[in-house]
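Scroll down for the structure; my scribbles are underneath it.
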Amino acid sequence: WGCGYAGRGRFQYTASSFGQPLVQALSGVLAPRATVQRAEGPFPAEVAARVDVPDRVEERVFDPLFRAAAQRMAVVRRFQDGRITRYLVFIVGTLVVGLGWAVASRWVLAP
107 WGCGYAGRGR FQYTASSFGQ PLVQALSGVL APRATVQRAE GPFPAEVAAR
157 VDVPDRVEER VFDPLFRAAA QRMAVVRRFQ DGRITRYLVF IVGTLVVGLG
207 WAVASRWVLA P
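Numbering (the numbering used here), first residue to last: 107 to 217.
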């Protein structure tokens, strides 16, 4: 709070300010990482404190999953070269395969 003055962003509350009691209460589960730069000497230049709460689900589930998907999709990415003719061939090919599948399934399922 900036005492009613229109101050800089450092005077404003952040999400960390509101969530800090919950992070402290659940520190065994959330495993926050704190780095503190303490004041040294009689006239310290700057002090800082930072607490990072890693998202374990993102780090252990989604990051590896998306990394693996990105590696597999690199093959598809080379077909995206911006040429309209290539895209039209893909569309027509998909339609032909879909129609062929529909006709084949009708013959197989027909009594």
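No residue lacks a Cβ here, since even glycine has one placed at the ideal position from N, Cα and C.
What residue range is occupied by the uninterrupted alpha helix (DSSP H) comprising ARG187?
What you label residue 187 is simply residue 81 of the sequence shown in a count that begins at 1. Residue identity check: residue 187 is Asp in the sequence provided, not Arg. It is not in any alpha helix (DSSP H) - ASP187 carries neither H nor E in the DSSP assignment.
Helix, strand or coil, according to DSSP, for ASP161 in the structure here?
Along the sequence shown, one-based indexing puts residue 161 at 55. Coil at ASP161, not helix or strand.
So the alpha helix (DSSP H) ALA140 belongs to, where does it begin and stop?
As a working note, residue 140 is residue 34 in the sequence shown. That residue, ALA140, is in no alpha helix (DSSP H); its beta strand (DSSP E) goes 139-143.
Spatial neighbours of ARG139 in its chain, beta-carbon cut-off 6 Å, leaving aside the 5 residues before and after
Sequence index remark: in the sequence shown, residue 139 carries index 33 (1-based). The residues are ASP158.
Grab me the residues of PHE185's own chain with a C-beta within less than 8 Å of its C-beta, minus the 5 sequence neighbours each way, in chain order.
Looking up residue 185 in the sequence shown gives position 79. Excluding its 5 nearest sequence neighbours in each direction, PHE185 has C-beta neighbours in its own chain below 8 Å: ARG192 and PHE196, listed in chain order.
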